[in-house]
Structures are given as structure tokens and as C-alpha cells.
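To convert a position in the sequence shown, counted from 1, into the working numbering, add 10. Note that CB positions come from ideal geometry on N, CA and C, so glycine has one too. All figures in this text were calculated on a predicted structure; none of them were measured in a lab. Read through the structure below, which is laid out as C-alpha cells, and then see the notes.
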Amino acid sequence: MADKYALQLSGYKALWNAIDWVFPPKCVGCGAEGQQICPDCLQKIQYTSRDSCIYCGRSLPVRGICPRCRQHPPVYQEVRSLAGFEGVIREIVINLKYRSDLGLSLVAAEMMAGLVQRENWQLEMVVPVPLNEKRRKQRGYNQAAALAFPLSLLLKLPLRSKALIRIRDTKSQVHLNSAERKANVQGAFLADPLLVRGSRVLLVDDVYTTGATLNAAAEALCSAGCSDVRVVTLAKALDHHKEVEIATPNKV
Ligand SMILES: [Zn+2]
Ligand SMILES: [Zn+2]
Numbered sequence: 011m012a013d014k015y016a017l018q019l020s021g022y023k024a025l026w027n028a029i030d031w032v033f034p035p036k037c038v039g040c041g042a043e044g045q046q047i048c049p050d051c052l053q054k055i056q057y058t059s060r061d062s063c064i065y066c067g068r069s070l071p072v073r074g075i076c077p078r079c080r081q082h083p084p085v086y087q088e089v090r091s092l093a094g095f096e097g098v099i100r101e102i103v104i105n106l107k108y109r110s111d112l113g114l115s116l117v118a119a120e121m122m123a124g125l126v127q128r129e130n131w132q133l134e135m136v137v138p139v140p141l142n143e144k145r146r147k148q149r150g151y152n153q154a155a156a157l158a159f160p161l162s163l164l165l166k167l168p169l170r171s172k173a174l175i176r177i178r179d180t181k182s183q184v185h186l187n188s189a190e191r192k193a194n195v196q197g198a199f200l201a202d203p204l205l206v207r208g209s210r211v212l213l214v215d216d217v218y219t220t221g222a223t224l225n226a227a228a229e230a231l232c233s234a235g236c237s238d239v240r241v242v243t244l245a246k247a248l249d250h251h252k253e254v255e256i257a258t259p260n261k262v
């Protein structure tokens with residue numbers, strides 16, 4: 011199975027290399043031709059510090075637990091986000107949300123794989139946060155899964171996309187406060203005990219905002235018997251952002 015995935019990935023890579031040769035890629039940050047992300051834009055990425063809360067990523071003098079999370083700890087063990095939701099990372103998230111760009115998801119997954127490897131987490135499978143069915147149909151595509159697929163290949167872990175499903179549609183979280191978000195996503199997920207019982211899971215999403223969705227997903231995984239849930243996201247909403255708001259472009 012792992013070989014099949016590896017073959018699939020090299021097939022895609024070859025295809026994308028061929029496409030790149032005919033239509034040179036443009037930098038997602040500045041539009042310069044030649045790469046998905048040019049060296050200048052790569053250098054400007056504001057990576058998050060490890061000196062942060064293990065549960066919400068808020069900045070702390072050393073890695074630990076912030077007062078708020080001490081009072082209301084989530085069920086997952088730890089979260090790491092690669093970078094703040096700004097600049098080129100913001101552009102990647104928006105591009106992944108509305109366009110299926112395999113080249114870009116590979117570049118993003120490579121950066122996320124490096125982050126996960128540095129954490130030295132003991133993991134057994136990769137599970138993306140599922141979109142609700144209505145939105146997936148509209149979009150035709152789940153950006154968390156688009157990141158989780160190459161990430162699983164890079165980490166040499168099985169991808170278990172069917173381990174976690176949404177059992178109820180939820181409202182868009184954009185205009186909800188933290189308590190409303192929690193209520194909105196509570197009980198929205200269901201995990202398959204046959205696929206996850208006793209396992210150490212890497213839960214993958216594109217953006218960490220309040221953690222409500224990720225915690226609800228982790229609750230479902232824990233109810234199904236997961237022994238350990240770690241979370242990785244590409245971006246983290248900046249502390250000064252009240253909400254991460256991504257307007258739907260007119261043309262998708
Ligand atoms: Zn650039
Ligand atoms: Zn915290």
C-alpha cells in the first residue's frame with residue numbers, strides 16, 4: 011500500500027514537472043515565474059515559535075500551557091502550526107481552499123512534514139479534518155485532505171481519510187465567537203473505532219483559528235479509542251485577528 015502511494019506521488023510529481031515545463035509556475039506570493047514559492051517569499055514566512063502553548067499555540071516565554079488552556083484543556087495532546095496566517099502562507103491557504111493545486115499542496119506538506127519531524131511525535135496514521143458534505147460538493151475538494159495526502163507520504167504513515175467523518179452539517183464559523191464555535195461543532199464528527207482504536211493519530215487541517223473544530227474532531231477520535239491525538243496545521247490565525255475570514259471568490 012505504501013509503495014502504491016509512493017508510486018502515485020512520483021506519478022503526480024512527474025505530471026506536474028511536465029506541466030511546469032510547458033507552463034512555468036508562478037510564485038503564490040509575488041507572481042514571479044519559475045517556482046511555486048520563490049526564495050524571497052520563502053524567506054519572509056513568519057514561522058511560529060516553539061515557545062508557545064501546547065494546546066492553542068499562543069506565545070509564551072517557554073513551551074507550556076497558557077492560563078486559558080489550563081482551565082479548559084482540549085482533548086488532543088499537542089498542536090503545532092507552521093506559520094502565522096499572513097503573507098505567502100495566507101496565499102497558500104486561499105489557493106488550496108479554492109483551487110486544487112497539487113504542486114502547492116506538496117510544497118506546503120514538505121514544510122509541515124519538517125515541523126512534525128522536528129517534534130519527534132510518535133505517530134501511526136494521518137487523518138484530515140473532513141469538510142461537511144455540502145461544502146465538499148460545492149468545492150469538489152477538501153483542502154485538509156489535499157495537505158494530508160502528501161504529508162502522509164512524506165512521513166511514511168498511512169492516510170486514513172475515512173477514519174473521521176462529519177455526521178452533521180455545521181454553519182460557517184467565520185462570524186461566530188469562541189463559545190458559539192464550540193457549540194456549532196460539538197458532536198459534528200464521528201470516528202470509526204475499527205480504524206483508529208488504540209492508535210496515535212496526526213490530525214491535519216489548514217488553519218488553526220480557535221481550536222474548536224480540531225477539538226471536536228479530536229473528541230470523536232478519542233471516543234473511538236485513539237490513544238493519542240497530535241494536531242498539525244499549515245497556518246495559525248494571528249492573535250490580533252479576531253477571526254480568519256476568507257471571502258469566497260466570485261470565480262472558483
Ligand atoms: Zn515570490
Ligand atoms: Zn493555550
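Distance cut-off 7 Å: residue i Cβ against heavy atoms of ligand 1
{"i": "Asp216", "result": "no"}
{"i": "Ile75", "result": "no"}
{"i": "Thr37", "result": "Note that residue 37 corresponds to Cys in the displayed sequence, not to Thr. Checking the Cβ of Cys37 against ligand 1 gives yes."}
{"i": "Asp50", "result": "yes"}
{"i": "Ala42", "result": "yes"}
Assigned secondary structure, residue i (DSSP; H/G/I helix, E/B strand, else coil)
{"i": "Val136", "result": "strand"}
{"i": "Phe159", "result": "helix"}
{"i": "Cys63", "result": "strand"}
{"i": "Asp179", "result": "coil"}
{"i": "Thr243", "result": "strand"}
{"i": "Gly44", "result": "coil"}
{"i": "Ala227", "result": "helix"}
{"i": "Val184", "result": "coil"}
{"i": "Arg78", "result": "helix"}
{"i": "Ala201", "result": "strand"}
{"i": "Tyr86", "result": "coil"}
{"i": "Tyr108", "result": "helix"}
{"i": "Val262", "result": "At Val262 the pLDDT is 34, less than 50, meaning the model places this residue with poor confidence; the figure from the coordinates comes in the next sentence. Note: Val262 maps to coil in three-state DSSP."}
{"i": "Gly21", "result": "helix"}
{"i": "Val217", "result": "strand"}
{"i": "Gly266", "result": "Residue 266 lies beyond the residue range present for the chain, which begins at 11 and ends at 262; the question has no answer from this structure."}
{"i": "Arg210", "result": "strand"}
{"i": "Ser69", "result": "strand"}
{"i": "Ser91", "result": "strand"}
Alpha-carbon to alpha-carbon, residue j and residue i
{"i": "Cys79", "j": "Lys192", "result": "14 Å"}
{"i": "Ala24", "j": "Pro160", "result": "14 Å"}
{"i": "Pro140", "j": "Leu17", "result": "25 Å"}
{"i": "Ala230", "j": "Ala201", "result": "5 Å"}
{"i": "Ala257", "j": "Leu106", "result": "At Ala257, the pLDDT of 43 sits below 50, so the modelled position is not reliable; the number obtained from the coordinates is stated separately. Those two C-alpha atoms are separated by around 13 Å."}
{"i": "Leu19", "j": "Ile47", "result": "20 Å"}
{"i": "Lys14", "j": "Leu165", "result": "15 Å"}
{"i": "Ala42", "j": "Asp30", "result": "14 Å"}
{"i": "Trp26", "j": "Asn187", "result": "41 Å"}
{"i": "Arg73", "j": "Pro49", "result": "30 Å"}
{"i": "Cys63", "j": "Asn225", "result": "15 Å"}
{"i": "Tyr22", "j": "Gln81", "result": "46 Å"}
{"i": "Ile55", "j": "Ile99", "result": "7 Å"}
{"i": "Gly208", "j": "Ala28", "result": "42 Å"}
{"i": "Ser115", "j": "Ala247", "result": "19 Å"}
{"i": "Leu133", "j": "Val126", "result": "10 Å"}
{"i": "Cys236", "j": "Thr223", "result": "17 Å"}
Beta-carbon proximity check, residue i vs residue j, cutoff 8 Å
{"i": "Val239", "j": "Leu213", "result": "yes"}
{"i": "Ala93", "j": "Leu157", "result": "no"}
{"i": "Ala245", "j": "Val217", "result": "yes"}
{"i": "Pro84", "j": "Gly221", "result": "yes"}
{"i": "Pro71", "j": "Asp61", "result": "yes"}
{"i": "Arg128", "j": "Val242", "result": "no"}
{"i": "Ala278", "j": "Pro168", "result": "Only positions 11 to 262 of the chain appear in this structure, which leaves residue 278 out of reach."}
{"i": "Val206", "j": "Ala234", "result": "yes"}
{"i": "Met135", "j": "Arg109", "result": "no"}
{"i": "Tyr86", "j": "Ile75", "result": "no"}
Any non-hydrogen atom of ligand 2 within 7 Å of residue i CB
{"i": "Arg128", "result": "no"}
{"i": "Tyr86", "result": "no"}
{"i": "Arg68", "result": "yes"}
{"i": "Cys236", "result": "no"}
{"i": "Arg78", "result": "yes"}
Would you call the stretch 172 to 192 and the stretch 25 to 42 in contact, with 3 or more CB pairs under 8 Å? In this structure the stretch 172 to 192 does not lie against the stretch 25 to 42, because fewer than three pairs of beta carbons, one per stretch, are closer than 8 Å.
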